[in-house]
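Residue numbers (the working numbering), protein chains in the order written: chain S, 285 to 398; chain R, 275 to 387.
Just below is one structure, and these are the notes that go with it.
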């Protein structure tokens with residue numbers, strides 16, 4: 285298994301500002317992902333964070349709005365840029381280790397944009 | 275494409291009642307199936323999984339059987355507790371679709387003492 289921590293756990297931000305969320309894993313992992321969970325909704329994959337190269341974004345998500353870094357195999361950041369109230373969500377980091385079928389999730393960052 | 279459909283919640287039960295949360299899926303390939311649980315204020319935790327037809331995943335008294343003929347993976351528990359109150363997500367992953375997990379909409383379970 286993998287233990288995942290995220291910072292911050294929650295934040296309240298003003299419209300037009302940006303927030304960077306950090307994800308730290310206690311072991312090297314092959315795959316890291318970022319998800320969004322809007323209030324009362326299921327999870328939507330934002331992107332796959334690739335180590336040493338640009339992230340792979342899902343339809344509807346773009347790098348200018350959600351820039352992602354992954355400098356090594358245990359750490360990634362997601363930035364939510366130029367925020368609006370529609371960005372209020374829980375953002376979750378997720379990892380997959382080796383050839384395992386299992387995917388693990390961090391505790392999430394609860395973001396409220398006012 | 276791939277999709278997961280769960281029964282809508284909330285599901286409200288009394289303690290020690292029997293639980294079933296229905297989950298059906300469509301998949302373009304051969305999926306692995308998962309149930310995740312999200313307790314209030316927390317992230318998702320993997321509850322159980324099944325990777326091939328007729329497999330039964332089980333954990334913490336919960337069970338789900340991978341039924342290829344009915345494309346279903348219903349979650350069951352014989353006797354729920356107040357501490358089981360959470361949101362439950364059914365999910366699948368098809369290997370030929372890369373690493374993408376497809377989630378159902380989630381079902382909120384509320385257990386009353």
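For each residue, glycine too, the CB sits at the ideal point set by N, CA and C.
Item                                                                                                                                                                                   : Value
Under a CB-based cut-off of 8 Å, is residue 374(R) close to chain S?                                                                                                                   : yes
Which residues share a DSSP beta bridge with residue 296(S)?                                                                                                                           : 396(S)
Do residue 290(S) and residue 374(S) have their CB atoms nearer than 8 Å?                                                                                                              : no
Using a C-beta cutoff of 8 Å, does residue 362(S) count as contacting chain R?                                                                                                         : no
Leaving aside the five residues before and after residue 384(R) along the sequence, list all residues of the same chain whose C-beta is less than 6 Å from its C-beta, in chain order. : 284, 286 and 359
Can you have a look at residue 312(R) and say buried or exposed, based on whether 16 or more other CB atoms are within 10 angstroms of its CB?                                         : buried
Using a Cβ-Cβ distance under 8 Å, would residue 331(R) count as near chain S?                                                                                                          : no
List the residues of chain R whose Cβ lies closer than 7 Å to the Cβ of residue 337(S), in chain order.                                                                                : Per Cβ cutoff of 7 Å: no residues; residue 337(S) is ~16 Å from chain R at best.
For the stretch 316-329 of chain R, which residues have a beta carbon sitting closer than 9 Å to at least one beta carbon of chain S?                                                  : 316, 317, 318, 319, 320, 323 and 325
Considering residue 276(R), what are the terminal residues of the beta strand (DSSP E) in which it resides?                                                                            : Neither: residue 276(R) is in no beta strand (DSSP E) and is coded neither H nor E.
Less than 6 Å between C-beta atoms, sequence neighbours within five positions excluded: which residues of the same chain meet that for residue 332(S)?                                 : 317 and 340
With three or more C-beta pairs closer than 8 Å as the rule, is the stretch 293-302 of chain R touching the stretch 343-353 of chain R?                                                : yes
Rank 296(S), 286(S) and 288(S) by C-alpha distance to the C-alpha of residue 368(S) and give the top, closest one.                                                                     : 296(S)
Excluding the five sequence neighbours on either side, which residues of its own chain have a C-beta within less than 7 Å of the C-beta of residue 322(R), listed in chain order?      : 309, 331, 332, 333, 336 and 338
Determine the direct distance from the alpha carbon of residue 379(S) to that of residue 365(S), and round the result to whole angstroms.                                              : 23 Å
Check this for me: beta carbons of residue 318(R) and residue 376(S), under 8 Å apart or not?                                                                                          : yes
Return the chain-ordered list of same chain residues with a C-beta closer than 8 Å to the C-beta of residue 365(R), the five sequence neighbours on each side being excluded.          : 278, 307, 308, 309, 310, 375, 376, 377 and 378
Give me the residue from 398(S), 391(S) and 386(S) with the minimum Cα distance to residue 325(R).                                                                                     : 386(S)
Output the boundary residues of the beta strand (DSSP E) element that contains residue 331(R).                                                                                         : 330-333
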